[in-house]
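Asker: Pasting a structure here, questions to come.
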Amino acid sequence: MKCFKKHTIIYIVTVFTVAMFFSCKDNFSEVQKIGMSDNEPIGVADTINVVYTDSGAVKAVLISPKMYDYSNRDFPFYEFTQGLNLELFDDDNNKTTVFSDYGISYTNTDLIDLQGNVVIITHTNDTLYAEQLYYDQKKEWVFTNKPFTYVKGSDVINGNGFSSDSKFNNLEIFEMEGNITIED
Numbered sequence: 703m704k705c706f707k708k709h710t711i712i713y714i715v716t717v718f719t720v721a722m723f724f725s726c727k728d729n730f731s732e733v734q735k736i737g738m739s740d741n742e743p744i745g746v747a748d749t750i751n752v753v754y755t756d757s758g759a760v761k762a763v764l765i766s767p768k769m770y771d772y773s774n775r776d777f778p779f780y781e782f783t784q785g786l787n788l789e790l791f792d793d794d795n796n797k798t799t800v801f802s803d804y805g806i807s808y809t810n811t812d813l814i815d816l817q818g819n820v821v822i823i824t825h826t827n828d829t830l831y832a833e834q835l836y837y838d839q840k841k842e843w844v845f846t847n848k849p850f851t852y853v854k855g856s857d858v859i860n861g862n863g864f865s866s867d868s869k870f871n872n873l874e875i876f877e878m879e880g881n882i883t884i885e886d
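All residue numbers for the sequence shown refer to the numbering used here, where the first residue is 703 and numbers rise by one.
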């Protein structure tokens, strides 16, 4: 009888131990998330100054007082809550400057959303003022459906929405008004 109880206990302990090992799973990523809210950024950068170069030539300079990194989300993005200043340089080293009170850059779609006092000044001093502006990095396309003002030389164009390539060579304006010079 003692032997039967001893074997029964050994079997029960063995079954329990095996069940415990097979029920374990790798949850290291879940452990890492402890104490981190899904709504919180994975990182915060103060006073950033990022210089992007290609083949030794400066192509862009991004300056912002604060950047929040939400790359830990299913739809990752970077947020610039205190505005940004972006300088872009073309192949001839001509500078275009972009200012905005707020910006958000979506990683998966390469779409940038600029909001609040958006100003773009090209190397020829053509200037665009808008409440909100989107930039598609893949297509190098700028667009908005909000009011804007575009100043080119003595021409002042106002409208409610436009679409254009990033160099403003192919500009399509919606609900346009203003003073425009037409050449023959």
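The beta carbon of each residue, even a glycine, is placed where N, CA and C say it ideally should be.
Using 8 angstroms as the cut-off, can you tell me whether the segment 780-788 makes contact with the segment 796-807, which would need three or more C-beta pairs spanning the two stretches below that distance?
Answerer: Taking one beta carbon from each stretch, the segment 780-788 and the segment 796-807 have 3 or more pairs nearer than 8 angstroms; the two touch.
Asker: Please report the residue range of the beta strand (DSSP E) in which G818 lies.
Answerer: Stepping through the sequence shown from its first residue, residue 818 is reached at position 116. Note, G818: beta strand (DSSP E), 813-823.
Asker: Taking 8 angstroms as the threshold (C-beta atoms), are E833 and V844 in contact?
Answerer: As a working mapping, residue 844 is identified with position 142 in the sequence shown. As a working mapping, residue 833 is identified with position 131 in the sequence shown. In this structure, E833 does not lie closer than 8 angstroms to V844 by Cβ.
Asker: Hey, A747 and K768 are a contact pair by Cβ (cut 8 angstroms); roughly how many whole angstroms apart?
Answerer: Position 45 of the sequence shown, counting from 1, holds the residue named residue 747. Position 66 of the sequence shown, counting from 1, holds the residue named residue 768. Going by Cβ atoms, the distance from A747 to K768 rounds to 7 angstroms, so yes, they are a contact pair.
Asker: Pick out whichever of Q839, I744, V753, F876 has its Cα sitting closest to the Cα of K869.
Answerer: Within the sequence shown, residue 869 is the residue found at index 167, counting from 1. Out of Q839, I744, V753, F876, Q839 has the C-alpha closest to the C-alpha of K869.
Asker: I'd like to confirm the pairing. Which residues does DSSP put opposite T851 in its beta bridges?
Answerer: Numbered from 1 along the sequence shown, position 149 holds the residue referred to as residue 851. Paired residue(s): Y831, N860.
Asker: With a 10 Å radius around its C-beta and 16 neighbouring C-beta atoms as the bar for buried, classify Y852 as buried or exposed.
Answerer: Locating residue 852 in the sequence shown gives position 150, where the first residue counts as 1. Classification of Y852: buried, given that the 10 Å Cβ count is 16 or more.
Asker: Who are the near neighbours of E879 in its chain, counting only those whose CB is closer than 6 angstroms to its CB and skipping five residues on each side?
Answerer: As a position in the sequence shown, residue 879 is number 177, starting the count at 1. Closer than 6 angstroms at Cβ, skipping near neighbours: N860.
Asker: Whose CA, out of T826, I744, L816, T749, lies closest to the CA of F791?
Answerer: Numbered from 1 along the sequence shown, position 89 holds the residue referred to as residue 791. Residue T826 is the option with its Cα nearest to F791.
Asker: Quick one: using the 10 Å Cβ neighbour count with 16 as the cut-off for buried, is S773 buried or exposed?
Answerer: In the sequence shown, counting from the first residue as 1, residue 773 sits at position 71. Exposed, since its Cβ has fewer than 16 Cβ neighbours within 10 Å.
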